[in-house]
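Following: one structure in structure tokens, then a few remarks.
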Amino acid sequence: MKSKQSIFFVLMIFAFIAAISACSQKNVPPPPSFGAQGQEYGAATGGPMDDAKWRELGINSEAEKREFLEKAKAFENEDVYFDYDAYTITEPAKKVLDEKIAFLKRYPRVAVTIEGHCDERGTTEYNIALGERRAHDAQQYILSSNSSNLKLTTVSYGKERPAAVGHDEASWAKNRRAHFVLNY
Amino acid sequence: MSQQFIIKTVRILSVLFLALISLGFAKASSALVELEISPSAIQRIPIAVPDFKYMSPEQTQLAREMSDVLSNDLNISGVFRPLDRKGFLEDPQSMGLEASEIKFQDWSRQGADFLARCSYQVQGNSIKLDGWLFDIAGRKMVGTHKSYAGELRAWRQMVHAFADDIMLMVTGERGVFDTKIAYVQSVGSVKEIFYCDFDGNNPVQVTRDNSIALSPSWSPDQTQIAFVSYKDGSPKVYGVNVHSNSSYLISGFPGMNIAPAWRPGRNELAVALSKDGGQDIYLVSPTGQIIRKFGVGFGASISVSPSWSPDGQKFAYVSNESGNPQIYIFDVTTGQKKRLTFNGNYNVSPSWSPKGDWIAYSGREGGAFNIFIISPNGSDNHALTYGARNESPRWSPDGRSIAYSSNKQGGAAIRIMYSNGTGDWQLTRQSGAQELPDWSPRRNRQ
């Protein structure tokens, strides 16, 4: 009986914290998605899409739509990683970017925001500048190997939106990234 | 928030004042000389600050409160060392105010070089404050008797004004007691701009955008704060009038718009932009007109964090063109750039001192970040802090102190230290985390 009460109490606290953090995050740029969290694509930019919009992306059937959504999920969930205080596109990063290029060759009409991020070390301004270089260089890599007129924009968050919140190399490595967000 | 009180100063000896000090007050003048030579040689001057004398039985609790504020101001100045009141022999309410009534010998025995004596009179919603500064060894009043009058709720600013006058009389230069410190306050992932008085009192929230606001920078006239915000999705530079709270876009070019730094004496700002693909430092008007691209960028290098020299003819900034971030100086007149820092491989956040003699910055040593100062010619590089994460130094307008952000007491907060690294104290006491301070210029006084 007592333990049930305390579980209920703990749940109430969690609900309260969740409510508070939901309130305090209004208008904040959406946190980057990572991992398989089953996000609903398109929801962030205004609910279900009408047929005309799908056709504009070159999608003409339910099967093609399912294929697109699956590929879009993989596209958004895979980040490009960088070394400490660096924005050189490494060999593993090229592999990931080549997959992005393949996706964009198939769906050249989709708009993409490339976010540049950094680990928590160093100052705010330098990290925004560093994240800008990461996003910019990832963008240039894609543009240089794709002749179509892509809708790519970049934004740097510096160290302001970490994907992992730990204070160790494992977390820092996850945070030194270019993250891709689709807008369709 | 314009002037809430009037400063009426009886100016009797204004011109001859410094000469008098050097002739008559040998002890004080020797301290003056040391102050000018080197911050590490500061010998603080002992000063007695008894409770203020109330001239009417209203608001008697202010007798102690105002004395506390004055003592704290003088202590923060780094010039004075207020004595412990417990050693004082006289009852502050019966003790006199004029030179003829001051027991100089008693104060001398108690170790005081100076005595700050004040009285106040409250009438309804207004207050009049009178202040005298006495030189104990010289057995006379220093400078002139000061008088301040205004609304009762502005009493704190009047005490700050007397502290400013004491600094002016003893050192020849005003204090920083009417200045503000802007900073970034974060709760969760939301960051807003705040500012508070130089002593940490009266925190005021400036932005309410529920976004990420960063890098506050005061305008030279202390009326505007430029800052960076993501409220429109990407980092853009905005300005806000701190009196009306109305904000406006300064620089909203494609890409990154960050690191605003108001140019001293001019209505222009340096900002770091990436609008042309590469990063560079630009000079813009407060409405975002590009006045000049400085051309400090080098290929794909990073260029960020400009900080102006006091004459506005040079700025220090961060570039990684050597392969890692270092401080450089750009000369606006000649168009020449020169690398300043060579120790370590991560030196960022330069801040040029208001007298031009130092550039403070944050440098990485192993896993720690510390505050360093270096002369603009590259000599005398040395650390002021040790361990922890100490970042984003910004000078006080008199160059005696440095505000910076630090996690040495756990969560990130703004701290203040003298420019020799001593006297460190915590400015911000809010919950959440505080970072990226910027110390305002002084307000002009009539």
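Each protein sequence line maps, in turn, to chains A and B.
In short: position in the first sequence from 1, add 561, done, that's our numbering.
In short: position in the second sequence from 1, add 176, done, that's our numbering.
We put the beta carbon where it would ideally sit given N, CA and C, even for glycine.
Being a predicted model, the structure only gives us computed values, none of them experimental.
* To do: With DSSP as the reference, please indicate the residues paired to B/F518 in a beta bridge.
  => DSSP output for B/F518 lists no bridge partner at all.
* To do: Taking C-beta pairs closer than 9 Å, name the residues in chain A that B/L560 reaches, listed in chain order.
  => Within chain A, no residue has its CB atom less than 9 Å from the CB of B/L560, the nearest being about 16 Å off.
* Which of the three DSSP states, helix, strand or coil, is assigned to B/F152? -> Because chain B in this structure spans residues 177 to 622, residue 152 of chain B falls outside the shown range and cannot be described.
* **Where the alpha helix (DSSP H) through A/A635 begins and ends** => First-last of the alpha helix (DSSP H) with A/A635: E623 to N638.
* Report all residues from its chain with a CB closer than 6 Å to the CB of B/K184; omit the five preceding and five following residues, and keep chain order. => Note that B/K184 scores a pLDDT of 39, beneath 50, so its modelled location is shaky and nothing firm can be said.
* Asked: Between the Cα of B/Q220 and the Cα atoms of B/W615, B/Q606 and B/G599, which residue gives the shortest distance?
  -> Here residue 220 of chain B turns out to be Arg, not Gln, going by the sequence shown. Of B/W615, B/Q606 and B/G599, the residue nearest in Cα terms is B/G599.
* Out of B/I466, B/R439 and B/I478, state which residue places its alpha-carbon closest to the alpha-carbon of B/G625. => Within the shown structure, residues of chain B are numbered from 177 to 622, placing residue 625 of chain B beyond reach of any answer.
* Where the beta strand (DSSP E) through B/W308 begins and ends -> Here the beta strand (DSSP E) through B/W308 covers S302 to D311.
* How about A/P593: is its C-beta nearer than 9 Å to some C-beta of chain B? -> In this predicted model, A/P593 has a pLDDT of only 45, less than 50, meaning its place in the structure is not dependable enough to derive any value.
* Put A/N688 into one of helix, strand or coil per three-state DSSP. => DSSP places A/N688 in helix when its eight states are reduced to three.
* Are A/V657 and A/K712 closer than 9 Å when you measure CB to CB? -> No, the pair does not count as a contact, with Cβ atoms beyond the cut-off.
* To do: Pull up the distance between the alpha-carbon of B/I278 and that of B/G542, whole angstroms please.
  => Those two C-alpha atoms are separated by around 57 Å.
* Using Cβ-Cβ distances below 8 Å, what residues of the stretch 671 to 697 of chain A are close to chain B? -> Flagged, chain order: R682, G683, T684, T685, E686, Y687, I689, A690, L691, E693, R694 and H697.
* Asked: Among residues of its own chain, excluding the 5 on either side of B/T517, which ones have a beta-carbon nearer than 6 Å to its beta-carbon?
  -> Taking C-beta separations shorter than 6 Å and ignoring five residues to either side along the sequence, the partners of B/T517 in its chain run Q502, I503 and N523, following chain order.
* To do: Just grab the DSSP bridge partners of A/I675 for me.
  => Its beta-bridge partners are A/T715 and A/F741.
* Check the Cβ of A/S706 against every Cβ in chain B and list those closer than 7 Å, keeping chain order. => Here the premise fails: no neighbours, minimum Cβ distance about 18 Å.
* To do: Specify whether the stretch 284 to 297 of chain B and the stretch 608 to 620 of chain B touch according to this definition: at least 3 beta carbon pairs, one from each stretch, less than 8 Å apart.
  => Short answer: they don't touch.
* Asked: Do B/G428 and B/D456 have their C-beta atoms within less than 9 Å of each other?
  -> For B/G428 and B/D456, no; Cβs fall outside 9 Å.
* Where the stretch 709 to 729 of chain A meets chain B: residues whose CB sits under 9 Å from a CB there -> Sequence-ordered contacts of the stretch 709 to 729 of chain A with chain B read T714, T715, V716, S717, Y718, G719, E721 and R722 [C-beta pairs closer than 9 Å].
* To do: Report the residue ranges of all alpha helix (DSSP H) runs contained in full by the stretch 294 to 369 of chain B; include only those spanning at least 4 residues, in chain order.
  => Residue ranges of uninterrupted alpha helix (DSSP H) with 4 or more members, entirely inside the stretch 294 to 369 of chain B and ordered along the chain, are 331 to 347.
* Chain-order list of residues whose beta-carbon lies under 6 Å from that of B/T604 (same chain, five-residue window excluded) -> So the qualifying residues of the chain are A589, I590 and Q610.
* Helix, strand or coil at B/E611 according to DSSP, with G and I counted as helix -> Reduced to three states, the DSSP call for B/E611 is strand.
* Asked: Leaving out five residues before and five after B/N377 in sequence, what residues of the same chain have Cβ atoms less than 8 Å from its Cβ?
  -> Closer than 8 Å at the Cβ level, and outside the excluded window around B/N377, lie R332.
* Cβ-based burial, B/G471 [other Cβ within 10 Å; buried from 16] -> Looking at its Cβ environment, which holds fewer than 16 other Cβ atoms inside 10 Å, B/G471 is exposed.
* Given a limit of 9 Å on CB to CB distance, which residues of the stretch 631 to 657 of chain A reach chain B? -> Contact residues of the stretch 631 to 657 of chain A toward chain B are D646 and Y648 (C-beta to C-beta distance below 9 Å).
* Give a yes or no on whether 9 Å exceeds the smallest Cβ distance from B/G453 to chain A. => Interface annotation, B/G453: in contact with chain A, CB-CB separation under 9 Å.
* Asked: Tell me, which residues are paired with B/K649 by DSSP?
  -> No information on residue 649 of chain B is available, as it lies outside the stretch 177 to 622 that chain B covers here.
* Check each candidate in B/N553, B/K513, B/D311 and B/E567 and name the one with the smallest Cα separation from B/G539. => The residue with the shortest Cα to Cα distance from B/G539 is B/E567.
* Provide the residue span of the alpha helix (DSSP H) that contains B/I590, from first to last. => Counting along the chain, B/I590 falls outside any alpha helix (DSSP H), though it belongs to the beta strand (DSSP E) covering A589 to Y594.
* To do: Taking 9 Å as the cut-off, decide whether the C-beta atoms of A/E660 and A/A739 are in contact.
  => With contacts defined as CB atoms closer than 9 Å, A/E660 and A/A739 fail to qualify as a contacting pair.
* Work out the CA separation of B/N251 and A/F529 for me, nearest whole Å. => For residue 529 of chain A there is no data in the structure shown, the boundaries of chain A being 562 and 745.
* Determine the burial state of A/Q700: buried for a count of at least 16 other Cβ atoms within 10 Å of its Cβ, exposed for fewer. => Counting Cβ neighbours within 10 Å, A/Q700 comes out buried, since at least 16 surround it.
* How many Å lie between A/D644 and A/I650 at the Cα? -> Distance between A/D644 and A/I650, taken at the CA atoms: about 9 Å.
* Three-state secondary structure (DSSP) at A/G596? -> Note that A/G596 has pLDDT 36, beneath the 50 cutoff, so the model's placement of it is unreliable and no number is given.
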